[in-house]
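Report on the structure given below.
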């Protein structure tokens, strides 16, 4: 599904990602963990074809560099933090934009029945059919993020990249969003690669974990092998396990209150 070999990239001549290599088997989801500045979002941009890099990437049957942008967009989609909506498109119009990559001659050709069916299925999967005619400028942050999830689902990719999509969302909406993605990725031929600051959320979603620090790979493998106290401390520079246990004790005390 996804393989990176010696991938390096950066900005303005400064290298941020250093010879990152890993292979994600088919049917597995990946969490990319690390502190701010570790190169997590940069890695996603490389996989999505949004940033030049050295090395090689194979994603959803396509090879980078080399794949055409339109081909890549049909197979790989990215869901990130969203700013507020600016233009008053309806929810359905925004979701239909996910079908643009499938139009052979652009919008002049027009959408097909297949495009409309895909958009309606995406609206249903994201639980926003009742919002279909609402201008996106009238939506809450959580509703808007579900609209962009539906847009990604309408694109019908094989691989979805998550760049901290739950940031600034309330707990219920975070849980719903990740639930949609878990159900989507359970279908054959699909996978999710997620950058999530919340380690608990990341582990709920992922089978495999990639630990990054200072742009380099510290560890990669099944979550049960990689998520260990010493490796997490080396990644974040703090005793993550101790903090999690302290948090657990606090919530156990809260749960015992009447």
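Residue numbers (this note's numbering): -14 to 243.
The beta-carbon is built from N, C-alpha and C at its ideal position, and this holds for glycine as well.
Annotation for residue 100: no beta strand (DSSP E) segment contains it, though the alpha helix (DSSP H) segment containing it runs 98 to 110. For residue 149, the three-state secondary structure derived from DSSP is coil. Runs of the beta strand (DSSP E) lying entirely within the region -6 to 49, each at least 3 residues long, are -1 to 9, 15 to 18, 39 to 44 and 47 to 49 in chain order. In the same chain as residue 141, and ignoring 5 residues on each side of it, the C-beta atoms closer than 7 Å to its own belong to 103, in chain order. Looking at the DSSP output, residue 206 bridges to 194. Its Cα nearest to that of residue 23, the residue 3 stands out among 3, 39 and 238. Around residue 204, the same chain offers 196, 211 and 216 as residues with beta carbons nearer than 7 Å, after the five sequence neighbours per side are excluded. Rounded to whole angstroms, residue 233 and residue 16 show a C-alpha spacing of 22 Å.
Residue 176: member of the beta strand (DSSP E) spanning 176 to 180, first to last residue.
Going by DSSP, residue 65 is part of the beta strand (DSSP E) stretching over 61 to 65. Secondary structure note for residue 171: it is in no alpha helix (DSSP H), with a DSSP letter that is neither H nor E. Setting aside the 5 residues that flank it on each side, residue 190 is surrounded in the same chain by 14, 16, 163, 166, 167, 177 and 179, each with a C-beta closer than 7 Å to its C-beta; the list follows chain order. DSSP places residue 116 in the helix class (H, G or I) of the three-state scheme.
Where residue 231 is concerned, the enclosing alpha helix (DSSP H) starts and stops at 225 to 240.
It is roughly 24 Å from the alpha-carbon of residue 112 to the alpha-carbon of residue 185. Annotation for residue 226: 214 and 217 place their beta carbon closer than 7 Å to its own, counting only its chain and skipping 5 residues before and after. For residue 81, the uninterrupted alpha helix (DSSP H) segment begins and ends at 76 to 81.
Excluding five sequence positions before and after residue 0, the CB atoms of its chain that fall closer than 8 Å to its own CB belong to -7, -6 and 200, given in chain order. The beta carbons of residue 58 and residue 86 sit about 4 Å from each other, so the pair counts as a contact at 8 Å. Inter-residue distance for residue 143 and residue -2 is about 32 Å (C-alpha atoms, whole angstroms).
139 is the residue among 123, 55 and 139 whose C-alpha sits nearest the C-alpha of residue 96. In the DSSP assignment, residue -8 is bridged to 5. Contact check for residue 154 against residue 130 passes: the beta carbons are separated by less than 8 Å. Within the same chain, 75 come within 6 Å of residue 118 by CB-CB distance, once the 5 residues on both sides are set aside.
Each of 43, 39 and 33 was checked against the Cα of residue 10, and the nearest Cα belongs to 43.
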